[in-house]
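Heads up, the thing below is written out as structure tokens.
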Amino acid sequence: MGRLVVVSNRVPAPRDRLQPAGGLAVALRAALKEGSCLWFGWSGQQVSEKEGHDPEVSLDKVENVTYATIDLTHAEYDGFYQKYSNGILWPLCHYRAGLMDYDRKDRVIYQNVNELFARKLLPLLQPGDQIWIHDYHLFPLGQALRDLGVTAPIGFFLHIPFPPWSLMRALPEADALLRAMQAYDVIGLQTEDDARNMNDGFSIVGVKAKAEVFPIGIDPDSFAKQAEEGLSNPDVQRLKESLRGKPFIIGVDRLDYSKGLPERLKGYEIFLERYPEHRGKVVYLQVTPVSRGNVPEYRALRRELDEAAGRINGTYGDFDWTPIRYLTHPVPRALLASFYRLADAALVTPLRDGMNLVAKEYVAAQDKANPGVLILSHFAGAAPDMEAALMVNPHDADDIADALHKALTMPDGERRARWDHLEPDVWRVTALTWARDFIQALGKARLA
Numbered sequence: 011m012g013r014l015v016v017v018s019n020r021v022p023a024p025r026d027r028l029q030p031a032g033g034l035a036v037a038l039r040a041a042l043k044e045g046s047c048l049w050f051g052w053s054g055q056q057v058s059e060k061e062g063h064d065p066e067v068s069l070d071k072v073e074n075v076t077y078a079t080i081d082l083t084h085a086e087y088d089g090f091y092q093k094y095s096n097g098i099l100w101p102l103c104h105y106r107a108g109l110m111d112y113d114r115k116d117r118v119i120y121q122n123v124n125e126l127f128a129r130k131l132l133p134l135l136q137p138g139d140q141i142w143i144h145d146y147h148l149f150p151l152g153q154a155l156r157d158l159g160v161t162a163p164i165g166f167f168l169h170i171p172f173p174p175w176s177l178m179r180a181l182p183e184a185d186a187l188l189r190a191m192q193a194y195d196v197i198g199l200q201t202e203d204d205a206r207n208m209n210d211g212f213s214i215v216g217v218k219a220k221a222e223v224f225p226i227g228i229d230p231d232s233f234a235k236q237a238e239e240g241l242s243n244p245d246v247q248r249l250k251e252s253l254r255g256k257p258f259i260i261g262v263d264r265l266d267y268s269k270g271l272p273e274r275l276k277g278y279e280i281f282l283e284r285y286p287e288h289r290g291k292v293v294y295l296q297v298t299p300v301s302r303g304n305v306p307e308y309r310a311l312r313r314e315l316d317e318a319a320g321r322i323n324g325t326y327g328d329f330d331w332t333p334i335r336y337l338t339h340p341v342p343r344a345l346l347a348s349f350y351r352l353a354d355a356a357l358v359t360p361l362r363d364g365m366n367l368v369a370k371e372y373v374a375a376q377d378k379a380n381p382g383v384l385i386l387s388h389f390a391g392a393a394p395d396m397e398a399a400l401m402v403n404p405h406d407a408d409d410i411a412d413a414l415h416k417a418l419t420m421p422d423g424e425r426r427a428r429w430d431h432l433e434p435d436v437w438r439v440t441a442l443t444w445a446r447d448f449i450q451a452l453g454k455a456r457l458a
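If you read the sequence shown in my numbering, its first letter stands for residue 11, the second for the next number, and so on.
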């Protein structure tokens, strides 16, 4: 059996290569243990522009995985990552075309960096390799490899949503991007809606519809164990003591306009206004690590959230009670697992996302004898398989307020019944089944 070659924009940092802390590394952990593997991508480092920039590939082998990375120049990082990937493709794929800031030169840099990835990966490939490319940063990479003569099976997985053609066509040369994706033998997306949108786009531009659904999950056994064993951690104990027996609500989201955070805080504000019996008697922890802090839209979002949290705390707080505990720094994943276990309710209310693994982690972390209640957006990718959650429209603040009240006053029997319905799907669709199913499909493509 040949190697699995994983290609992503970022490669795990050296400190995370033995014990992955999150993201794609955790999802691929089981697949990477099978035989010899290569993981190729950007190092995360930027270097000064030089005439004829031709970065060297840095190799680092950890157990059975060889990590191969290249540096990017400041201009490449800015055009490829900041402006085209995150300033154009990210908002477009999250149905926010109005936030796109298109400049043709950024598209050229995006294409050039994908071609750079292809040139640098080519000498590392071996006969029998299967190549698995990840996410929107690298849409054109498959075609760039084919242009260099690569005949190995190449798969592509999109971790974020894919919009309908009526939105996608707002991207200049969207038709060329979709045609280039015919270079892939297997194309995977998170949900039926996303695969349908992409296949509709393929059909409209006159190429084969080949998008399939490969839903991603977590490692529920490991996460559940982590949540339970972590209860004795001093930081978890400190949180528990600070609650003083009050019901505990948690929200955990990277700072991003797709997460519905202003709408969520508005819902919590209406909850306190409409249901005064909860004032002073509930604790809401919102963990929102800042990301892309130098992008104007993200700076504006942080100001909006800072102001909303301050307004709510100022209006409803008391000398011995703070309505929202609002953190903008990350909390270690091991701590979050136990925080989820302590929480009576979790708010997972994105405006649009690919899957949302926080919802699955929250379910996995629960004590089955006394589970909390998941409040979930209809627009989370996980929603179709988690209908036993309290489903809300994140654009409706009153809906969020009512769901919070219902969650905190729900009888024990109903909480357990809802968790009993949620639990099987979290254990059925996992990170292992996701990677296994995709790699099997890629293997069949080799034989076709």
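Think of the CB as a built atom: it goes at the ideal place given N, C-alpha and C, for glycine as much as any other residue. These figures come from a predicted structure and were not determined experimentally.
Boundaries (first-last residue) of the alpha helix (DSSP H) holding Y308: 306-326
Outcome for L151 when other beta-carbon atoms lying within 10 angstroms are tallied against a minimum of 16: buried
Beta-carbon proximity of P225 to V439, cut-off 8 Å: yes
Test item: CB-CB of A128 and A162 under 8 Å: no
Under 8 Å between C-beta atoms of V223 and I141: no
Backbone secondary structure at S18 - three-state DSSP: strand
Segment contact, 8 Å Cβ cut-off, at least three pairs: the stretch 424-435 with the stretch 366-377: yes
Length at least 3, wholly inside the stretch 138-185: the beta strand (DSSP E) runs in chain order: 140-144, 164-167
As assigned by DSSP and simplified to three states, the class of S95: helix
G211: first and last residue of the uninterrupted beta strand (DSSP E) it sits in: Taken as a continuous stretch (DSSP letters only), G211 belongs to no beta strand (DSSP E), being part of the alpha helix (DSSP H) at 202-214.
Y336 - partner residues in DSSP beta bridges: Q296
Spatial distance of A319 from L271 (CA atoms): 11 Å
Cα-Cα separation, A184 to V402: 33 Å
Whether K250 touches L315 by CB criterion (8 Å): no
Cβ neighbours of I259 in the same chain (closer than 6 Å, five flanking residues each side left out): Y294, A355
Straight-line gap, E424 to V297 (C-alpha atoms, nearest Å): 28 Å
Beta-carbon spacing of A41, D229 below 8 Å: no
Inter-residue Cα distance where the pair is D26 and D231: 21 Å
For K416, three-class secondary structure by DSSP: helix
Coarse secondary structure for K71, derived from DSSP in three states: strand
Nearest neighbour of S68, chosen from N74, L199, A78 [CA to CA]: A78
DSSP bridge partner residues for G261 (one or two, in chain order): Q296
Expected contact under 8 Å - CB spacing of F212 and A205 to nearest Å: Incorrect: roughly 10 Å between the Cβ atoms, too far for contact.
DSSP state of M401 mapped onto helix, strand, coil: strand
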